[in-house]
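Asker:
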Amino acid sequence: MRGNERRGRASLSGLIPWVAAWAVLTTLGSWTQFTLWHGADHLDGPLASEIGRAIASLIVVPTQAFSVAMMIVFGTRLDGSALAITLSVGLGWACVLGTIWFANWIRARMGRAFARRGRASLDGAPDRASSLTPMMASRRAFLLDGPLAIGGAAGAMVGAHSVVVEPFDLRIERYKIPVRNLPAGLCGLRLVQISDTHLGPHVPPEFVERVVRESIQLRPDVYLLTGDYVHRGTACNQRAAELFAPLVATGRPVIGVLGNHDWFGDGRDMSARLVRVGVRMIDNGRVFIDARTRALREDVPPEGVCVAGLGDFGHDVMDVDAALAGVPQEMVRIVLQHQPDAVETAAFVKGPRMDVVFAGHTHGGQIRLPLIGAPVTLSRYGQKYATGLAQGPRCPVVVSRGIGMSFLPVRIGVRPEIVEVTLVGA
Ligand SMILES: [Fe+2]
75 MRGNERRGRA SLSGLIPWVA AWAVLTTLGS WTQFTLWHGA DHLDGPLASE IGRAIASLIV
135 VPTQAFSVAM MIVFGTRLDG SALAITLSVG LGWACVLGTI WFANWIRARM GRAFARRGRA
195 SLDGAPDRAS SLTPMMASRR AFLLDGPLAI GGAAGAMVGA HSVVVEPFDL RIERYKIPVR
255 NLPAGLCGLR LVQISDTHLG PHVPPEFVER VVRESIQLRP DVYLLTGDYV HRGTACNQRA
315 AELFAPLVAT GRPVIGVLGN HDWFGDGRDM SARLVRVGVR MIDNGRVFID ARTRALREDV
375 PPEGVCVAGL GDFGHDVMDV DAALAGVPQE MVRIVLQHQP DAVETAAFVK GPRMDVVFAG
435 HTHGGQIRLP LIGAPVTLSR YGQKYATGLA QGPRCPVVVS RGIGMSFLPV RIGVRPEIVE
495 VTLVGA
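Here the sequence shown is numbered in the numbering used here, starting from 75 and rising by one per residue.
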C-alpha cells in the first residue's frame, strides 16, 4: 500500500517537468503567434525571424486556447469558426496530455524492468549489492528527477508571478526633458502619461481606477492619454471612457489620441465616449497650453506650447500637416502618437518640427530577458522603441510600457507604468 502511494507520488512529481515544459512552449507559442499575425515587416527580434516563425507555426495549435477561450468566455466571439478552433485546441491539448501520460507509462515500465534486473543481480551477489543498489537508485532518481522537479517548480513560480503579480505591480517612471524655446511660464511643466490601459479580459477596471488615483496624486499640469483604452471590440468602450472621468474632475487638461486596439472595435465610438466624459481627443488635431494659466486653449495663446495628436499609424490616417497647421513656427510642439515607429516615417522626418513625442503601443515587449532584452517587440526597430526615453530622428520619444497587456496576459521584467515628464528649458 505504502509502495503504491510512493509510486503515485513519484509519477506525479515526474509530471511536473513535463507540464512546465508544456507551459513554457505554450507561452512561447502564444507570444510568437504575434509574429504570424502581424507579419515580419512590423516586428523585430529573434522570434520574428523565419526560423522563429517556423517554430511558432509548429507549436501554435495548442496556444490558440488563450485567445479563443477568452473570446468565447467574454462573449466577444461565438461563431462556427471559433467553435471549430476550440475543438481543434481541445484535440491538441488531449494529444499533448496523452503524450505526457504515455511518456510516464514508458518511464514506469522501464523503472520496473531496472528494478527486476537489480534484484536478479542481488540474488547473485547479496553482500556487495545490498548496500550499494538502493544508494545508486536514489542517486539516479535525484540526478534525473531533482533538477527537473526544481526547474518545473521554478518555472511554475515565474509563470505565476508573471500572470498574477507583475502585471499589477505599478511603477512611476520620471524623466526630465530639456526643450528649446520653452516659455518661462511653462518651465517645470509636468505631464503625466497613461497609455495602453487595455480594459478587457486581462485588465480589470479596478486596476485602471488605481492607475487614475495614483496619477491624480502626482498633481501634474496636464494628463496625456496615448491610446489602446480597450483590448478589443466595443463592449468596454463606455466603461473605459468613464474610468478617466476623475482625471477630468481635477480641472487639469486631459488630452488623448486613439490606439490600434481602439480601432479593432470602433475608434469613432471610443473617441466620442471619451469626449463625452471631458477628454479632449486630438487625433490629427491640436490644442494649446497657455503659459500664463497652464490651462487648455483651442486658439493660439500669446505664449504657450502646442499639444498635437496624430491618428494611429497603421489603423487610421496619420496627417502630420493637419495636426500642426497654423502652429507658430517657434512654438514648442508636443506630439502624441500611439505607435512609436511612426517617428521614423517620412511624414515625421521631413515634416514640421517637433520637440517631444509621447507614444506607447510596444508594452516594453511585455517579456524582457536578462542580456537579450525583449525577444519580440511590436516595433520594426527592435529594442529602440521598446520602452523608455529614446532619441528619434528628430526629437526625443517617450515610449510608455503601458498599463495593460496585449495578447498574452503576462509581464516578465516589464512592470506597468505611469510616466511623468517634466519639461525644462534647454
Ligand atoms: Fe497596446
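We put the beta carbon where it would ideally sit given N, CA and C, even for glycine.
Please list the terminal residues of the continuous alpha helix (DSSP H) segment that includes Phe-338.
Answerer: 334-338
Asker: Starting from the C-beta of Pro-414, find all residues in its chain whose C-beta is less than 6 Å away, skip the five residues before and the five after it, and write them out in chain order.
Answerer: Ala-433, Tyr-459, Val-471, Val-473
Asker: For a test of your reading of the model: does the CB of Asp-270 fall under 7 Å from any non-hydrogen atom of ligand 1? Yes or no.
Answerer: Correct: Asp-270 has its Cβ closer than 7 Å to ligand 1.
Asker: Could you give the first and the last residue of the continuous beta strand (DSSP E) run that contains Pro-279?
Answerer: It is not in any beta strand (DSSP E) - Pro-279 instead sits in the alpha helix (DSSP H) that spans 279-291.
Asker: Using a Cβ-Cβ cutoff of less than 8 Å, which residues in the same chain neighbour Asp-373 once the five nearest sequence positions on both sides are dropped?
Answerer: Closer than 8 Å at Cβ, skipping near neighbours: Phe-362.
Asker: Tell me, please, whether the region 252-259 touches the region 475-483 by the rule of three or more beta-carbon pairs shorter than 8 Å.
Answerer: no
Asker: Under 8 Å by Cβ, that's how I've got Arg-264 and Thr-496 pegged, so tell me the actual separation to the nearest angstrom.
Answerer: Yes, Arg-264 and Thr-496 are in contact; Cβ-Cβ is about 5 Å, under 8 Å.
Asker: I believe Val-322 touches Leu-273 by the beta-carbon criterion, under 8 Å. Please report the beta-carbon distance rounded to the nearest angstrom.
Answerer: Val-322 to Leu-273, Cβ: 17 Å. No contact.
Asker: Apart from the five residues just before and just after Ala-292, which ones in its own chain have a Cβ nearer than 8 Å to its Cβ?
Answerer: The sequence as given places Leu at residue 292; Ala does not occur at that position. Cβ within range, chain order: Ile-246, Arg-264, Val-266, Ile-492, Glu-494.
Asker: Ligand 1 and His-435: does the residue's C-beta get closer than 7 Å to at least one heavy atom of that ligand?
Answerer: yes
Asker: Is Phe-387 helix, strand or coil when you go by DSSP?
Answerer: strand
Asker: So Ala-323 is in the alpha helix (DSSP H); what residue range does that whole segment cover?
Answerer: 319-323
Asker: Near Ser-205, what residues of its chain come up, given a Cβ to Cβ distance below 8 Å and the 5 sequence neighbours on each side ignored?
Answerer: Because Ser-205 sits at a pLDDT of 47, beneath the cut-off of 50, its placement in the model cannot be relied upon, and the following sentence gives the value as read from the coordinates. No residues qualify anywhere along the chain.
Asker: From Pro-279, Met-405, Arg-371, Val-391, pick the residue whose C-alpha is nearest to that of Val-379; which is it?
Answerer: Among Pro-279, Met-405, Arg-371, Val-391, the Cα nearest to that of Val-379 belongs to Met-405.
Asker: In its own chain, which residues sit with a C-beta less than 6 Å from the C-beta of Pro-490, not counting the 5 before and 5 after it?
Answerer: Leu-244, Ile-477
Asker: Give me, in chain order, the residues of the same chain whose beta-carbon lies closer than 7 Å to that of Glu-283; leave out the 5 immediate sequence neighbours on both sides.
Answerer: Leu-317
Asker: Count the other C-beta atoms from every protein chain shown that fall within 10 angstroms of the C-beta of Gln-465, then say buried if there are 16 or more, exposed otherwise.
Answerer: exposed
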